[in-house]
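Notes follow the structure.
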Amino acid sequence: MHPDGQLNGFNNVNGGGVKHAEITGHILEGDLPAARVPELHNLENASSQSLFHIVHKILDDSIENRKEDVPDRVACLLKKLVQMIEQRCSKQAEDFKKQNNLYKTREEKYQFKMRVFKTLVTGAMEENEVLMNQLHHIKTEKTMVEEKKKLEDVELIRLRKENNDRNLEISQLKQEFEVTRDAYENRCIQLETDAMEIKSELENKIINLENLLTDSRKKVKELEKFTESKFQRWKKKERCYKNFMDFQYGSLKELRMGSESIKQEVLMTQQIYAEEINEFGMKIQGLVDAAQNYHAVLTENRKLYNEVQDLKGNIRVYCRIRPFLKGQSQRQTTIEYIGDNGELVVTNPSQKAKESHRLFKFNKVFSPAATQEEVFIDTQPLIRSVLDGYNVCIFAYGQTGSGKTYTMTGPNVSSPEDWGVNYRALNDLFHLSQVRRNSFEYEIGVQMVEIYNEQVRDLLSSNITQKRYPSILTSSSFDTHTYT
Ligand SMILES: Nc1ncnc2c1ncn2[C@@H]1O[C@H](COP(=O)(O)OP(=O)(O)OP(=O)(O)O)[C@@H](O)[C@H]1O
């Protein structure tokens, strides 16, 4: 593997070593003539170390012997030696360069080979891994196959046992088959005998059936004749129906035409109807406007009406004179005069002449002849103002038997003519709420009380214990709610 130049170099050194001994022998002797210096050219092949050694020797020798001619020879020799060393050095440098280049080339080659080897090694390792995996897989499969084999062995033993059992069964079945076959053969013989009997029976039946068939054919012929006549009748009927259908079809055509004309009429009517509806809508709009105006006028009217009630006076006192009851004498009357504007003159015969007449002034005085309706008509406007949100109180005052119940309730509830103020007022309020139901919704509550000996009693309560009010009535107890 060493370069050739280096090997030659060693040879030269060895070879040079022999000559070096000879040359040093001459130089050491000190009689190296100048004529022999050219022989030193033969030292070209001597090693650099031996040449340096020679130089050292020459120098030592010249120092020891102090010969005058030595320096020239030494100089000549040294020059020669230096030239040789230089040549050698340059040669060696070239050799080194060459070797270096050679080494580099080889190194690249080696590196390339190394890479190839590495690739091969990597491939070999991967292959090895794959093989290892395959080996592992094969081992696993082997284990499975072994287990399967064990199971199959067990299965084989079981199948063998089963086979023995089956053989046993087969032999038993064979025996049974023998027995069954014998029974079957006997049965066949029996059946053959039966079949023979049935055959003879069937032959008899066939003869009978043939007779029946002959009869049937006769009947079929008769039926055919009958069918032919019927067919003719049906054909006649078909013709009739066809005529009828044609007639119906014509009627249907007429009906369709009629339907078309009706459709046209309906469309016309729809158009007229739409126009009329439009007109009607416009009229309704007018009516709505009129109704709105009507409401405004009604509100104004009501306002004026309540103002009139206010002007008549918030507190009004009416006097009703009860007629004499049966058995009472008409001569006992103390009523002297009843005026149209509420004047009442009462006489008291027990007083002196001046004080015997007393004048009372009321809003109105009802005579004994006044009816229930006349009394109510004067209170009606006040009652109606309740529906506009005014508080109204009507109460009767008087001594026992003076006619309070008669005036407020009436003597006979079943007769509307006899109804008192209460019934008439409620009747009027319900009637008005019905009339105004499109504009207002009223909720009406009723309470009737009696004040007797400064004790308030609920006249509508059916429970006796709750009849007496514990306290004085508040105005809110009489409220009538209105909603718009
Ligand atoms: N205007 C009238 N016309 C005819 N009969 C009358 C009239 N007013 C009262 N009466 C009769 O007078 C009687 C007494 O009347 P009523 O019972 O109404 O009196 P009252 O004031 O309620 O008595 P009390 O305070 O005791 O309850 C009754 O029989 C009633 O029918």
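Quick note, the sequence shown lines up with residues 14 to 497 if you use our numbering. C-beta atoms are modelled at their ideal positions from N, C-alpha and C, and glycine is treated no differently.
Within the same chain, Cβ atoms closer than 6 Å to the Cβ of PRO424 are found at ASP431, the five residues on either side in sequence being excluded.
In this structure the region 384–403 touches the region 312–325; the number of beta carbon pairs closer than 8 Å is three or more. In the structure shown, THR360 falls within a strand segment according to DSSP collapsed to helix, strand and coil. When the beta-carbon positions are compared, GLN284 and LEU395 stay at least 8 Å from each other. Membership of LYS417 in the alpha helix (DSSP H) is indicated by the continuous run 417–421.
Residue pairing for ASP207: DSSP places it in no beta bridge. Residue pairing by DSSP places GLN468 opposite TYR465 in a beta bridge. Counting only the Cα atoms, LYS155 lies some 12 Å from GLN147. Counting the other CB atoms within 10 Å of its CB gives MET461 a total below 16, which places it among the exposed residues. When DSSP states are grouped into helix, strand and coil, VAL388 belongs to the helix group. Distance from the C-beta of GLY416 to the nearest heavy atom of ligand 1 is below 7 Å.
By a beta-carbon distance limit of 8 Å, SER415 contacts ARG335. Their separation comes to about 6 Å. Counted as a single uninterrupted DSSP element, the alpha helix (DSSP H) harbouring PHE443 occupies residues 434–448. Assigned with DSSP and collapsed to three states, ILE407 falls in coil, not helix or strand. Per DSSP, the unbroken beta strand (DSSP E) holding PHE379 starts and ends at 377–379. Here the region 378–396 lies against the region 345–356, with 3 or more beta-carbon pairs under 8 Å apart.
In summary, LEU372 is exposed, with fewer than 16 beta-carbon neighbours lying within 10 Å of its beta-carbon over all protein chains present.
When DSSP states are grouped into helix, strand and coil, LEU473 belongs to the coil group.
A straight line joining the alpha-carbon of PHE293 with that of ASN306 spans about 19 Å.
Leaving aside the five residues that flank CYS201 on each side, none in its chain has a CB nearer than 8 Å to its CB.
Placement of the Cβ of LEU338 at a distance of less than 7 Å from at least one heavy atom of ligand 1 is found.
Taking 8 Å as the cut-off, the Cβ atoms of MET421 and VAL434 count as close.
Annotation for ARG101: SER61 place their beta carbon closer than 7 Å to its own, counting only its chain and skipping 5 residues before and after. Distance from the C-beta of THR392 to the nearest heavy atom of ligand 1 is not below 7 Å. Taking all protein chains shown into account, SER213 has fewer than 16 neighbouring C-beta atoms within 10 Å of its C-beta and is therefore exposed. Secondary structure of LYS339 (DSSP, three-state): coil.
Note that the C-beta distance between PHE375 and CYS332 is below 8 Å. Across the structure, PHE130 and LYS92 are spaced so that their CA atoms are roughly 54 Å apart.
With 16 or more other Cβ atoms inside 10 Å of its own Cβ, LEU64 counts as buried.
CA-CA distance, SER363 to PHE337, rounds to 21 Å. Note that the C-beta distance between ILE407 and THR418 is not below 8 Å. Secondary structure note for LYS374: its beta strand (DSSP E) is the uninterrupted segment 370–374. Rounded to whole angstroms, ASP195 and ALA208 show a C-alpha spacing of 20 Å. From the listed residues ARG397, THR132, ALA106, the smallest Cα separation to ASP441 is found for ARG397.
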